[in-house]
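Novice: Just so we're aligned, residue 23 is where the sequence shown starts under the numbering used here, counting upward by one. Before we start, here is the structure in question, set down as structure tokens.
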Amino acid sequence: MDWRGASPVQKQFMHSVYQGHVYRSAQRGTFVGDVASSRLARIEKQHQAQIEAAKACQELLKAARADLAQQKPEQAIQLDIEYVSIISAYRSASQQFFKWQTNFPSYYRQTRPQRSAVPGGEHGTAAVQFMIQYIGRRLAAPGYSLHNSGLAVDFGTKEGGRNLTPDTSSANVRHWRGSWLFHWLSANASRFGYYQNTSIDEPWHWEYEKVTR
Numbered sequence: 023m024d025w026r027g028a029s030p031v032q033k034q035f036m037h038s039v040y041q042g043h044v045y046r047s048a049q050r051g052t053f054v055g056d057v058a059s060s061r062l063a064r065i066e067k068q069h070q071a072q073i074e075a076a077k078a079c080q081e082l083l084k085a086a087r088a089d090l091a092q093q094k095p096e097q098a099i100q101l102d103i104e105y106v107s108i109i110s111a112y113r114s115a116s117q118q119f120f121k122w123q124t125n126f127p128s129y130y131r132q133t134r135p136q137r138s139a140v141p142g143g144e145h146g147t148a149a150v151q152f153m154i155q156y157i158g159r160r161l162a163a164p165g166y167s168l169h170n171s172g173l174a175v176d177f178g179t180k181e182g183g184r185n186l187t188p189d190t191s192s193a194n195v196r197h198w199r200g201s202w203l204f205h206w207l208s209a210n211a212s213r214f215g216y217y218q219n220t221s222i223d224e225p226w227h228w229e230y231e232k233v234t235r
């Protein structure tokens with residue numbers, strides 16, 4: 023694993039957290055390797071998903087954009103929405119690993135006060151367990167994400183001059199939950215087989231299931 027500029031202690035801590043995260047994920051789910059290209063279809067731009075999920079997402083985006091375009095002029099001005107888009111869809115397990123590794127230093131900085139307060143200090147066993155839980159609420163272990171299965175998408179929008187992206191900061195989550203797109207998805211996404219994963223606090227992340235509910 024790579025963490026440029028990290029000390030040996032920090033690198034060992036990162037390795038322990040990664041191993042623990044993968045172990046916990048394996049106890050709860052099944053590892054998914056890379057999805058064959060024949061099972062994937064393009065949603066738009068470079069974003070792909072499993073064929074059925076991709077088609078459903080295209081229809082969802084078309085409906086959302088049509089509803090947005092039909093807003094009354096005064097509502098449109100007030101909302102000031104510039105776009106509705108896909109930020110992320112299918113990514114391979116190796117891409118998920120790269121994302122995990124890239125995000126870790128940020129998670130490390132964000133959790134320093136909490137880790138320093140637990141028994142054993144900021145790199146101890148309790149700190150490792152804290153980090154596993156912290157990261158698990160934000161990013162799946164490589165091979166255990168529905169993004170790896172081609173069944174999840176992260177949406178994006180720009181509203182009121184603010185880019186709303188897959189950013190787990192409290193301010194971004196709060197603005198996301200107040201956005202037009204989130205309210206539209208909450209009311210309409212299930213018609214296209216997409217549901218929010220309520221076990222994680224990511225209002226931009228929606229997962230595809232066949233329409234059986």
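Backbone N, C-alpha and C fix where the C-beta goes; we use that ideal spot for every residue, glycine too. Keep in mind it's a predicted model, so treat the numbers as computed, not measured.
Assign PHE35 to one of two classes, buried (16 or more other C-beta atoms within 10 Å of its C-beta) or exposed (fewer than that).
Specialist: Translated into the one-based positions of the sequence shown, residue 35 becomes position 13. By the neighbour-count rule (16 or more Cβ atoms within 10 Å), PHE35 is buried.
Novice: Is ARG137 buried or exposed, if buried means 16 or more other CB atoms sit within 10 Å of its CB?
Specialist: Start at 1 with the first residue of the sequence shown, and residue 137 comes out as number 115. When all chains shown are included, ARG137 counts as buried.
Novice: Identify, in the order they occur along the chain, each residue of the same chain with its Cβ nearer than 8 Å to the Cβ of ARG61, setting aside the five sequence neighbours on each side.
Specialist: Within the sequence shown, the letter at position 39 stands for residue 61. Correct list, in chain order: GLN72, ILE73, GLY172.
Novice: Here's a check: name, in chain order, each residue in its chain whose Cβ is nearer than 7 Å to the Cβ of GLU231, leaving out the five neighbours to either side.
Specialist: Numbered from 1 along the sequence shown, position 209 holds the residue referred to as residue 231. Within its own chain, the residues whose Cβ lies closer than 7 Å to the Cβ of GLU231, once the five positions on either side in sequence are excluded, are GLY215, TYR217, listed in chain order.
Novice: If you follow the beta strand (DSSP E) that ILE108 is in, where does it begin and where does it stop?
Specialist: On the sequence shown, residue 108 is found 86 positions in, with the first residue counted as 1. Looking at the DSSP string, the run of the beta strand (DSSP E) that includes ILE108 is 103 to 110.
Novice: For LYS33, which three-state DSSP category applies?
Specialist: Here residue 33 corresponds to residue number 11 of the sequence shown, with the count starting at 1. In the structure shown, LYS33 sits in a helix (DSSP, three-state: H, G or I).
Novice: Candidates TRP206, THR187, ASN210: which alpha carbon is nearest TRP226's?
Specialist: Here residue 226 is taken as the residue at index 204 of the sequence shown, counted from 1. Looking at the Cα atoms, THR187 is the closest of the given residues.
Novice: Based on Cα-Cα distance, which residue from ALA111, VAL44, ALA115 lies nearest to GLN13?
Specialist: This structure leaves residue 13 out entirely; the chain is present only between 23 and 235.
Novice: Would you call the segment 141 to 157 in contact with the segment 175 to 194, where contact means no fewer than 3 C-beta pairs closer than 8 Å?
Specialist: no
Novice: Going by beta-carbon coordinates alone, are GLN123 and SER167 separated by less than 8 Å?
Specialist: Position 101 of the sequence shown, counted from the first residue, corresponds to residue 123. Position 145 of the sequence shown, counted from the first residue, corresponds to residue 167. In this structure, SER167 does not lie closer than 8 Å to GLN123 by Cβ.
Novice: Is the beta carbon of LEU82 closer than 8 Å to that of ALA211?
Specialist: Counting from one through the sequence shown, the residue named residue 211 turns up at place 189. Counting from one through the sequence shown, the residue named residue 82 turns up at place 60. Their beta carbons are under 8 Å apart, which means ALA211 touches LEU82 by this criterion.
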